[in-house]
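Here's the structure, in structure tokens; my notes come after.
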Amino acid sequence: MSRRTFLGISAGAAAAVTASYAIKWPQIGSAPTPEDYEEGVLAEKRVATSCLNCPTRCAVNVRVVNGKAVRIVGNPKSTYSEGKACPRSHVGLQVLYNPERFTKKPLKRKEGVPKGREAGPKSLESLKESFAEIEWSEALGEISEKLREISAPDKLLLLQGLNSTSNEDLIRRFAKAYKTPHLLSEEALEVAADNKGKQMADGRDNGGYDLGNANYILAFSANIVESERPLARNLRMWGKIRRERPNRAKVVVLDPRYSVTAAKADEWVPIKPCTEGILAMAIAHEIIKEDLYDKDFVNDTWTSGFAEYKALALDEFSPDTVAARADVPAAVIRRIAKEFAQSKPAIAWSGTGATSWPYGANASHAIFLLNALVGSIDAKGGIVYQDPPQYKDMPDVPGTDPEVLSLRAAEGEISSAEAVIGFNSNLVMCVPETSTWDAFLAALPYYVHIGPSWNEMARYADIVLPACTYLEEWAYETSLPGSGLAEVRIKQPVVERIGDSKPVAEILFELANRFNADHEVRKAFQGIGDSPEGFVKERTKSLTNLSWDDFTQNGVWRQEDHKDYTYRKYDQLFQTERFRFRDKAFLGKVYNIEFKGNSSEDALTLITYHPVLDMRSGNQNYPWAQEIFLVMHGYGWDNFAEINTQTADNLRIKDGDKVWVESDVDRIKAKARVFEGIRPGVVAIACGQGHYACGEWADGIGVNPNRIMILNYDEESGQPCFFNTRVKVYKA
Amino acid sequence: MAQWGMVIDLDKCIGCQACSIACKSENNVPYGSPDEQKRRTDIFWHKVIAVSKGEYPTANIEIIPMPCMHCDSPPCVTVCPAKATYKREDGIVMQNLRRCIGCKYCLVACPYGARSFNYKEQEEEEYQRPDLPADLGLDNKADIGPWPFPHRTHGVVEKCTFCFHRIDQGIEEGKEIGVEVVPACVEACPSGARFFGDLSDPESAVSKLLASRDSFKLREDMSTKPKVSYLPR
Numbered sequence: 021m022s023r024r025t026f027l028g029i030s031a032g033a034a035a036a037v038t039a040s041y042a043i044k045w046p047q048i049g050s051a052p053t054p055e056d057y058e059e060g061v062l063a064e065k066r067v068a069t070s071c072l073n074c075p076t077r078c079a080v081n082v083r084v085v086n087g088k089a090v091r092i093v094g095n096p097k098s099t100y101s102e103g104k105a106c107p108r109s110h111v112g113l114q115v116l117y118n119p120e121r122f123t124k125k126p127l128k129r130k131e132g133v134p135k136g137r138e139a140g141p142k143s144l145e146s147l148k149e150s151f152a153e154i155e156w157s158e159a160l161g162e163i164s165e166k167l168r169e170i171s172a173p174d175k176l177l178l179l180q181g182l183n184s185t186s187n188e189d190l191i192r193r194f195a196k197a198y199k200t201p202h203l204l205s206e207e208a209l210e211v212a213a214d215n216k217g218k219q220m221a222d223g224r225d226n227g228g229y230d231l232g233n234a235n236y237i238l239a240f241s242a243n244i245v246e247s248e249r250p251l252a253r254n255l256r257m258w259g260k261i262r263r264e265r266p267n268r269a270k271v272v273v274l275d276p277r278y279s280v281t282a283a284k285a286d287e288w289v290p291i292k293p294c295t296e297g298i299l300a301m302a303i304a305h306e307i308i309k310e311d312l313y314d315k316d317f318v319n320d321t322w323t324s325g326f327a328e329y330k331a332l333a334l335d336e337f338s339p340d341t342v343a344a345r346a347d348v349p350a351a352v353i354r355r356i357a358k359e360f361a362q363s364k365p366a367i368a369w370s371g372t373g374a375t376s377w378p379y380g381a382n383a384s385h386a387i388f389l390l391n392a393l394v395g396s397i398d399a400k401g402g403i404v405y406q407d408p409p410q411y412k413d414m415p416d417v418p419g420t421d422p423e424v425l426s427l428r429a430a431e432g433e434i435s436s437a438e439a440v441i442g443f444n445s446n447l448v449m450c451v452p453e454t455s456t457w458d459a460f461l462a463a464l465p466y467y468v469h470i471g472p473s474w475n476e477m478a479r480y481a482d483i484v485l486p487a488c489t490y491l492e493e494w495a496y497e498t499s500l501p502g503s504g505l506a507e508v509r510i511k512q513p514v515v516e517r518i519g520d521s522k523p524v525a526e527i528l529f530e531l532a533n534r535f536n537a538d539h540e541v542r543k544a545f546q547g548i549g550d551s552p553e554g555f556v557k558e559r560t561k562s563l564t565n566l567s568w569d570d571f572t573q574n575g576v577w578r579q580e581d582h583k584d585y586t587y588r589k590y591d592q593l594f595q596t597e598r599f600r601f602r603d604k605a606f607l608g609k610v611y612n613i614e615f616k617g618n619s620s621e622d623a624l625t626l627i628t629y630h631p632v633l634d635m636r637s638g639n640q641n642y643p644w645a646q647e648i649f650l651v652m653h654g655y656g657w658d659n660f661a662e663i664n665t666q667t668a669d670n671l672r673i674k675d676g677d678k679v680w681v682e683s684d685v686d687r688i689k690a691k692a693r694v695f696e697g698i699r700p701g702v703v704a705i706a707c708g709q710g711h712y713a714c715g716e717w718a719d720g721i722g723v724n725p726n727r728i729m730i731l732n733y734d735e736e737s738g739q740p741c742f743f744n745t746r747v748k749v750y751k752a
Numbered sequence: 033m034a035q036w037g038m039v040i041d042l043d044k045c046i047g048c049q050a051c052s053i054a055c056k057s058e059n060n061v062p063y064g065s066p067d068e069q070k071r072r073t074d075i076f077w078h079k080v081i082a083v084s085k086g087e088y089p090t091a092n093i094e095i096i097p098m099p100c101m102h103c104d105s106p107p108c109v110t111v112c113p114a115k116a117t118y119k120r121e122d123g124i125v126m127q128n129l130r131r132c133i134g135c136k137y138c139l140v141a142c143p144y145g146a147r148s149f150n151y152k153e154q155e156e157e158e159y160q161r162p163d164l165p166a167d168l169g170l171d172n173k174a175d176i177g178p179w180p181f182p183h184r185t186h187g188v189v190e191k192c193t194f195c196f197h198r199i200d201q202g203i204e205e206g207k208e209i210g211v212e213v214v215p216a217c218v219e220a221c222p223s224g225a226r227f228f229g230d231l232s233d234p235e236s237a238v239s240k241l242l243a244s245r246d247s248f249k250l251r252e253d254m255s256t257k258p259k260v261s262y263l264p265r
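Protein chains in written order, with the working numbering: chain A, 21 to 752; chain B, 33 to 265.
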């Protein structure tokens, strides 16, 4: 290395500027001022928009310098998470400038190139070569022709990955007008059972946890600060419950794995997988036996079925019975139950881990009932209900609203579908038993992939339409239930569109315009603003006291500015239908803990989790997220088969060994991580890795645990089970 | 003269690493790669480390965010033969990338691993950050403005600067440092676990926080007198 090299003046391209800039280097220690750059024009602006790297969709501000987005920070105008955003929001820059964006024209699969992972091209490079560029008009023409041709409207299946609220509204409207009831939302894949279980109690789907005001939080395999929605709000409220109030809340985590939440909690209780439901019932047993439950809520006016529930809990779920099954000492269950009932307001939080097995909805229900027992329903520091913001109604479309399909229902529909359109979909990566879905998708007669960058679903596409990222489009977002008062956030283009990409909304408008004038789809997209921007403007017109200028400037509209939250409005919530405690036929099922696959003694239960930097948009080609992927292991660019030291000794596996993790359907080779933060008999693998068509920063890195998971469903909701497979782990 | 320092509340910290990414984004710190991770040559001005203790079921993993400690007695300054690293009057330990001869003495001397050597070749593609505008700062000086480090020099040592550019600019604009103006990691922290301010001012938020709670510094036995303190749970 020459001295010239480390002075940085040898590299050709950089030479000129380094020299001129270098002259100023000795003054490092003082900030550069605009006068230092008088030779150029410095155009800097701040654009208020919102994130879309997970379903929380936080309001953010983007700093744009000379037409380039350079920095993303939380929007202080948003009170939902008090102006903060999670680490994923910063990665938005790499989502926008991802080198694997579809930046050119739409793509059409070349004749004769097979689809899918097994048969299709192996590398991303060869995948790219299997498509030819076509014009937008040609692509949209072909798709609309296909939509006219297929034998019946219900032969069209729509796959919805992570999309903005307004794009979801448009997609649903498109489906309704086209008269297809088949819409699969990937966002709901992991929470369907949880939502179902709660809904079976309170009859609603708009409840959230008021974490910031709670005194005692009982997390049932809920990674509150890692993956539970709404993440950024959880992170902010965590700070609040710890040190921003006179009384510090207590957090107890019941989880087979020592999650980040467990590490940051006051107590970690390692439980056997899928025993969250029986533990909830045992805690209920203790609360009822000690007569600690809240009689202001649990009475015949507001609730039904309590007598049967009480009998069931007292008869069959004593802490002594449950202790052995869950491997938690009965004394611990009793103590937690008392603490929970006596430290109001308290929250029992059901996480994905608690509800992703065949009786997940039942477990979710059992856990949710604990909130009712301690009077946390519609209470400060408990469960709060968020009314939807009053968007302006769109002209009615005749027909019935499409239901959101469960994956179980989608499995039934996908093989008979004649055309499938995926909006930001990455279905094949996020469902269990990848090989099954690979076969389904490869056999599709016609698949249109709409998304911003290369991902695994492009392997099945006949047509690829390059969509904008969320930083280049118009949209509105509704906050997830959390504070009880809704917040609406804007999405507006922060930079000019990259390449020849179009926003999803624009694609839908253009497609609709290609239908005949009297077709319902064409009519459905008229009079709703005529463009993505117009649509957002039109829909948000009716929000109280909101001017368009304010909205684009501030980025958020807050319901709290116009009304306060009223707690315990039971007369509104449970007037027509009372809060329900389900009976033995339903709740008794939480005892049916059984696993799929290998039943031998030394088989381990496979559990998965989503680290905070698992980008929930289905792509991981982002170096910032990759290099610090696993905070608990201080490691990135990988994921591990995490096992307990004791288990590893039995299996003769050492830390860092390459191991096969094998189930009945497939096997994957991962690096073993032997440590103390997990139950013996369990193997945990982080989701988010194992990509093979996303780009150089994701492909061939780590493994996708969904590949080896055995496909089965939650009985009630049809949600796939992610915590239900037994696997063998052995040295590779 | 103010003495800038940071306080990190480990009770509020949730190990999300927003600080680490915000730092990379603010200071244009190059990202690494699997290979660089293996060779430990990736550059971090801020890192979150995990320290594990105990055995199952009483395992304990402490997650600790690590900026530069901006020591009051910085060993890196003592060992630097080129006077490239120095302590400013306000206590910020700086690295003059023009003076640095890349000898890495400071890297060895730093007990906190807060320093990184830039192994990236100037020509390396990712060194130019494809996620950032390609034309940034290469032919238009105006683009350099908002960034203190639009592009970097191969073969020198880099480190956290407490976002000095923000502080200096804030002072110039008469803003209140620690309240209106904070380093990028403090600004990004979603749980509000990080605090920045003047340690020499007993009325500052950081001083009050330190007075109100038990605190510790990392490797106090080394007599480096770090200006980053941690509040335990």
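Glycine is no exception: its CB is placed at the ideal position from the N, C-alpha and C atoms. Since the structure is predicted, the reported quantities are computational estimates derived from the model, not experimental observations.
Query: Could you list which residues in chain A have their beta carbon closer than 7 Å to that of B/ILE40, in chain order?; Result: Neighbours of B/ILE40 on chain A: none; closest Cβ ~12 Å, over 7 Å.
Query: Residues of the stretch 44-62 of chain B with a CB closer than 8 Å to any CB of chain A: list them in chain order, please.; Result: LYS44, CYS45, ILE46, GLY47, CYS48, GLN49, ALA50, SER52, ILE53, ALA54, LYS56, SER57 and GLU58
Query: What's the call for A/HIS385, buried or exposed, on a 16-neighbour Cβ count within 10 Å?; Result: buried
Query: Quick check on the DSSP output: what are the complete beta strand (DSSP E) runs of length 3 or more inside the stretch 577-615 of chain A, in order along the chain?; Result: none
Query: Apply the 10 Å Cβ neighbour rule to B/VAL83 and answer buried if 16 or more other Cβ atoms are within range, or exposed otherwise.; Result: exposed
Query: Specify the secondary structure class of A/ALA481 as computed by DSSP and reduced to three states.; Result: coil
Query: Shorter than 8 Å from the beta carbon of B/VAL211 to some beta carbon of chain A?; Result: no
Query: If you measure from the beta carbon of A/PRO52 to each beta carbon in chain B, is any gap under 8 Å?; Result: Because A/PRO52 carries a pLDDT of 40, less than 50, the predicted location of this residue cannot be relied on, and the following value inherits that uncertainty. Output row for A/PRO52: interface = yes.
Query: Which value, in whole angstroms, describes the spacing of the CA atoms of A/LYS609 and A/GLU336?; Result: 12 Å
Query: If A/GLY87 sits next to A/GLU516, beta carbons under 8 Å apart, how far is it from one beta carbon to the other, in whole angstroms?; Result: 7 Å
Query: Is A/PRO452 near A/ILE730, with beta carbons less than 8 Å apart?; Result: yes
Query: Cutting at 7 Å between CB atoms, please list the residues of its own chain near A/GLU716, excluding the five before and the five after it.; Result: none
Query: Closer than 9 Å, Cβ to any Cβ of chain A: which residues of the stretch 113-136 of chain B, in chain order?; Result: TYR118, ARG120, ILE124, MET126, GLN127, ASN128, LEU129, ARG130, ARG131, CYS132, ILE133 and GLY134
Query: Just the chain A side, please: which residues come within less than 8 Å of B/ALA225 by C-beta, in chain order?; Result: GLY259
Query: By how many angstroms is the C-alpha of B/ALA216 removed from the C-alpha of A/GLU540?; Result: 51 Å
Query: Between B/ILE46, B/GLN35, B/VAL39 and B/ALA34, which lies nearest to A/ASP286 when the distance is taken from Cα to Cα?; Result: B/ILE46
Query: Under a three-way DSSP split, which group does A/ILE730 fall into?; Result: coil
Query: For A/HIS653, which three-state DSSP category applies?; Result: helix
Query: So A/ALA283 contacts chain B; which residues on that side make the cut at Cβ distance below 8 Å?; Result: GLY47, ASN92, ILE93, GLU94 and ILE95
Query: Just curious, the beta strand (DSSP E) that A/ARG253 is in, first and last residue?; Result: A/ARG253 -> not in any beta strand (DSSP E); alpha helix (DSSP H) instead, spanning 251-263.
Query: How would you write the range of the beta strand (DSSP E) that A/GLU497 sits in, first residue to last?; Result: 495-498
Query: Starting from the N-terminal side, write out each stretch of the alpha helix (DSSP H) that is 4 residues or longer and does not extend beyond the stretch 120-159 of chain B.; Result: 137-141
Query: May I have the straight-line CA-CA distance separating B/LEU168 from A/ALA89, to the nearest angstrom?; Result: At B/LEU168, the pLDDT of 37 sits below 50, so the modelled position is not reliable and the matter cannot be decided from this model.
Query: So is A/PHE649 buried or exposed if we call it buried at 16+ other beta carbons inside 10 Å?; Result: buried
Query: How far does the alpha helix (DSSP H) with A/GLU207 in it extend, from its first residue to its last?; Result: Looking at the DSSP string, A/GLU207 is not in any alpha helix (DSSP H), and its letter there is neither H nor E.
Query: Short of 8 Å Cβ to Cβ, which residues in the stretch 718-737 of chain A face chain B?; Result: ILE721
Query: Answer with buried or exposed for A/ILE11, where buried requires no fewer than 16 other C-beta atoms within 10 angstroms of its C-beta.; Result: Because residue 11 of chain A is not part of the residues shown, which for chain A are 21 to 752, the question remains open.
Query: How about the stretch 661-673 of chain A and the stretch 685-705 of chain A: do they share at least three Cβ pairs that are nearer than 8 Å?; Result: yes
Query: Three or more beta-carbon pairs under 8 Å between the stretch 601-620 of chain A and the stretch 273-280 of chain A, yes or no?; Result: no
Query: Report all residues from its chain with a CB closer than 6 Å to the CB of A/GLY471; omit the five preceding and five following residues, and keep chain order.; Result: ASN444 and ALA487
Query: Assign A/TRP568 to buried or exposed, taking buried as 16 or more other Cβ atoms, counted over all protein chains shown, within 10 Å of its Cβ.; Result: exposed
Query: Can you pull out the residues from the stretch 67-86 of chain B whose beta carbon lies closer than 7 Å to at least one beta carbon of chain A?; Result: GLN69, ASP74, VAL80, ILE81, ALA82, SER84 and GLY86
Query: B/TYR88 versus chain A: which residues are under 8 Å apart at the beta carbon?; Result: PRO290, ASN664, THR665, GLN666, GLU696, GLY697, ILE698, ARG699 and PRO700
Query: So with CB distances below 7 Å, who are the chain B contacts of A/HIS653?; Result: ALA82
Query: Using beta carbons (cut-off 8 Å, strictly below), is A/CYS67 in contact with chain B?; Result: Looking at the sequence itself, residue 67 of chain A is Val, so the reference to Cys does not match. No, A/VAL67 lies away from the interface with chain B (no Cβ there is under 8 Å from its Cβ).
Query: For A/PRO725 and A/GLU102, what's the separation of their Cα atoms in angstroms?; Result: 35 Å
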